[in-house]
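Under the working numbering, the sequence shown has 110 at position 109, and the numbering climbs by one with no breaks. Note that the Cβ used here is the ideal one computed from N, Cα and C, for glycine as well. See below for the structure under consideration.
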Amino acid sequence: MKINANVLDRQYFMHQKEYEVKVLDVLRSGYYILGNEVKEFEKEFASYIGSKYCVGLANGLDALWISIKLLGIKEGDEVLVQSNTYIATVMGITMNNATPIFIEPNEFHNMDDSNIESYITPNTKAILVTHLYGQATKMDKILEVCEKYNLKLIEDCAQSHGSMYNKQMTGSIGYVGCFSFYPSKNLGCFGDGGAIVTNDEQFAEKVKTYRNYGSQKRYYNETIGTNSRLDELQAALLRVKLKHINELTQEREQLAQRLLNEVKNPLIELPKVDQDCTHVWHLFVIQTDLRETFMDYLSKHEIQSLIHYPIPPHLQEAYSDLGYKVGDFPVSERLAERVLTIPLYNGMTKEEMDYLIQTINQFKG
Ligand SMILES: *Cc1c(COP(=O)(O)O)cnc(C)c1O
Numbered sequence: 002m003k004i005n006a007n008v009l010d011r012q013y014f015m016h017q018k019e020y021e022v023k024v025l026d027v028l029r030s031g032y033y034i035l036g037n038e039v040k041e042f043e044k045e046f047a048s049y050i051g052s053k054y055c056v057g058l059a060n061g062l063d064a065l066w067i068s069i070k071l072l073g074i075k076e077g078d079e080v081l082v083q084s085n086t087y088i089a090t091v092m093g094i095t096m097n098n099a100t101p102i103f104i105e106p107n108e109f110h111n112m113d114d115s116n117i118e119s120y121i122t123p124n125t126k127a128i129l130v131t132h133l134y135g136q137a138t139k140m141d142k143i144l145e146v147c148e149k150y151n152l153k154l155i156e157d158c159a160q161s162h163g164s165m166y167n168k169q170m171t172g173s174i175g176y177v178g179c180f181s182f183y184p185s186k187n188l189g190c191f192g193d194g195g196a197i198v199t200n201d202e203q204f205a206e207k208v209k210t211y212r213n214y215g216s217q218k219r220y221y222n223e224t225i226g227t228n229s230r231l232d233e234l235q236a237a238l239l240r241v242k243l244k245h246i247n248e249l250t251q252e253r254e255q256l257a258q259r260l261l262n263e264v265k266n267p268l269i270e271l272p273k274v275d276q277d278c279t280h281v282w283h284l285f286v287i288q289t290d291l292r293e294t295f296m297d298y299l300s301k302h303e304i305q306s307l308i309h310y311p312i313p314p315h316l317q318e319a320y321s322d323l324g325y326k327v328g329d330f331p332v333s334e335r336l337a338e339r340v341l342t343i344p345l346y347n348g349m350t351k352e353e354m355d356y357l358i359q360t361i362n363q364f365k366g
């Protein structure tokens with residue numbers, strides 16, 4: 002049996018009719034950019050997250066850098082960010098010429114808050130938290146520190162649609178939540194898409210203006226902006242998927258639960274979930290000292306596995322200017338050598354899961 006890391010069309014076929022009706026609706030409507038579908042999706046997504054406002058954007062990276070820019074963060078400013086996040090999180094900071102200050106992750110792959118105050122300087126402007134792999138970050142201490150030092154809390158929710166800390170949705174906890182709807186994300190569209198959510202009406206309006214060349218009224222430009230619009234087709238398809246997001250999340254939870262209960266192999270370390278945090282299992286990430294051998298073994302059994310991520314941002318060539326070297330962030334560096342993502346996706350069959358579990362359990366090193 003062949004098992005891919007992700008099989009995106011399964012989700013499409015699950016609700017095929019609904020998607021196809023919507024696509025034709027949009028194609029026949031004559032409105033393709035910033036029409037009713039985007040407006041309605043923004044309302045529905047804000048309400049799902051529990052934030053007052055949502056602004057649709059072209060992708061998740063735009064959500065990050067535009068938020069950081071419109072918060073006034075610029076050259077000389079520092080933003081705390083975890084050292085094992087996806088590089089886009091860090092680019093959101095550096096695209097604004099601000100400086101990322103890396104914080105090591107805890108055993109849940111999220112920001113370790115135990116020494117967080119020691120990283121704060123007079124230049125610190127914000128904390129950017131990534132709810133990595135779909136698990137909400139424990140936020141109590143981070144919220145406290147933001148309050149104490151008057152820092153803005155930005156959430157990178159590109160992997161955490163629907164996950165909660167203390168029964169509160171990620172994205173609605175900080176000042177601004179940044180989402181991606183890239184096809185493989187838990188709420189993925191059929192192309193690129195993104196959004197921010199916030200409770201600050203003025204900030205939401207600023208983002209709305211900025212995404213459309215700095216203009217609210219056509220051909221009247223108040224500021225210099227960019228072009229970062231969620232299109233009608235993607236918004237319409239996202240509205241369909243959003244209706245089913247709870248069942249899709251539940252299905253991922255059930256698949257993850259099977260792996261957590263049934264994978265029994267001393268060579269494989271299973272992921273853990275923190276207290277008061279939920280996990281929506283964007284990625285199911287195990288750890289092993291025998292990663293290369295295990296990957297080869299899986300691949301021989303036609304199971305695809307992926308590494309999220311093999312090189313932490315501070316060691317990427319793109320960031321050689323920051324001057325970091327091997328050993329500077331040992332926790333992240335060790336994770337980069339040990340993590341492995343095994344298949345978990347909506348529409349995965351019982352037979353596929355049976356085969357995956359059995360194959361992992363028979364791995365002998
Ligand atoms: C996917 C992702 C992004 C970027 O989203 P795009 O829509 O691809 O720009 C940012 N941060 C994290 C953690 C991601 O996983």
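Heavy atom of ligand 1 within 7 Å of residue i beta-carbon
i: D232; result: no
i: Q160; result: yes
i: G195; result: yes
i: T90; result: yes
i: L62; result: yes
i: T289; result: no
i: Y346; result: no
i: L65; result: yes
i: Y310; result: no
i: S52; result: no
i: M183; result: One detail in the question is off: residue 183 reads as Tyr in this sequence, not Met. Result yes, Cβ under 7 Å from ligand 1.
i: T86; result: yes
i: T125; result: no
i: D114; result: no
i: D78; result: no
i: D141; result: no
For residue i, three-class secondary structure by DSSP
i: N362; result: helix
i: V327; result: coil
i: T100; result: strand
i: T122; result: coil
i: M165; result: strand
i: C147; result: helix
i: Y32; result: coil
i: I308; result: coil
i: L58; result: strand
i: I74; result: coil
Residue i and residue j closer than 8 Å at C-beta
i: V80; j: A127; result: yes
i: H245; j: Y134; result: no
i: Y176; j: I155; result: yes
i: T131; j: Q169; result: no
i: L35; j: R292; result: no
i: N213; j: G194; result: no
i: I174; j: Y166; result: yes
i: M92; j: L62; result: yes
i: T90; j: L72; result: no
i: L271; j: V264; result: yes
Paired residues, beta bridge with residue i - DSSP
i: P314; result: DSSP output for P314 lists no bridge partner at all.
i: E79; result: T100 and T125
i: I287; result: L341
i: D157; result: T131 and C179
i: E270; result: Q288
i: Q136; result: H280
Contact with chain C by residue i, beta-carbon distance below 8 Å
i: I143; result: No chain C appears in this structure, which consists of one protein chain only.
### Message
Could you tell me which whole beta strand (DSSP E) segments of length 3 or greater appear in the segment 168 to 245?
### Response
Counting only runs of 3 or more, we get 177 to 181, 195 to 199 and 216 to 218.
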